[in-house]
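Peer 1: Going by my numbering, the first residue of the sequence shown is number 1, and it counts up by one from there. By construction, the Cβ of each residue, glycine as well, lies at the ideal position given by its N, Cα and C atoms. This structure is a prediction, so every number in the text was calculated from the model and none was measured.
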Amino acid sequence: MAAPAGAPAGGEAAAPAGDMPYAGTTLRLVGANHPWQVAIEPMLADFEAATGIKVNFEAYGEDQLNQKLTTEFTAGGSDIDVFMQRPLQEARVMQMNGWYEDLANCVADPEYDFADFADGAVGTTTVNGVLTGIPIVTEQEVLYYRKDLLEAAGLAVPTTLDELKAAAEALTDKDNEMYGFVARG
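Following this line, the structure appears as structure tokens:
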């Protein structure tokens, strides 16, 4: 999750009320259709009841999300308070355009145990020394292969991208609907 540069502490806020100093605040959270979004949405009512903060959550496909963020941030008038991002795909461009709020001060709060996050996950949301987001998901690429197909073709398990490409080409037989490589998206 990230916050855009110049993001307010939340939308319009009413006067603080007792143990709910943020009562009347509305946050606009823009995210992807994602398992995290599915998990968090049922919890929003409890969050709103505990804090008085109303959360307006918008969910989009990843490409539509990127287009929406780019369009709103480029226009300069966005009211997005918090957004999901794909740090490996968009973070560098967004940071270079000044579209992030540096979150270093937020995680320095002694009541927030940021040390719970793995260094590798934090590294993916840090661009040019600027903490651009709080990691909610970490992903690792995995290559599964069929040993029997490689052996039948007399191929070794690929260890480089060039070897993977060559093996994929050698294993592809379109007439028999056999493809040497498949991936998501």
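Buried or exposed: A39, going by 16 or more other Cβ atoms within 10 Å of its Cβ?
Peer 2: Exposed.
Peer 1: At 3 residues or longer, what runs of the beta strand (DSSP E) sit wholly inside the segment 51-108?
Peer 2: Complete beta strand (DSSP E) runs here, min 3: 54-60.
Peer 1: Once you ignore the five residues that flank R86 on each side, which residues in its own chain have a CB closer than 7 Å to its CB?
Peer 2: So the qualifying residues of the chain are E62.
Peer 1: Could you pull out every residue in the same chain whose Cβ sits closer than 8 Å to the Cβ of V157, ignoring the five residues on either side in sequence?
Peer 2: Once the five neighbours on either side are set aside, the close Cβ partners of V157 are Y145, K147 and L150.
Peer 1: From L131, D119 and M84, pick the residue whose C-alpha is nearest to that of C106; which is it?
Peer 2: Looking at the Cα atoms, L131 is the closest of the given residues.
Peer 1: On the DSSP bridge list, what partners appear for A32?
Peer 2: DSSP output for A32 lists Y60 as bridge partner(s).
Peer 1: By Cβ distance below 6 Å, which residues in the same chain neighbour R28 in space, the five residues on each side in sequence not counted?
Peer 2: Within the same chain, R28 has close Cβ partners N56, D79, I80 and D81.
Peer 1: Would you mind sorting G129 into buried or exposed? The rule is 16 or more other CB atoms within 10 Å of its CB.
Peer 2: Burial call: exposed.
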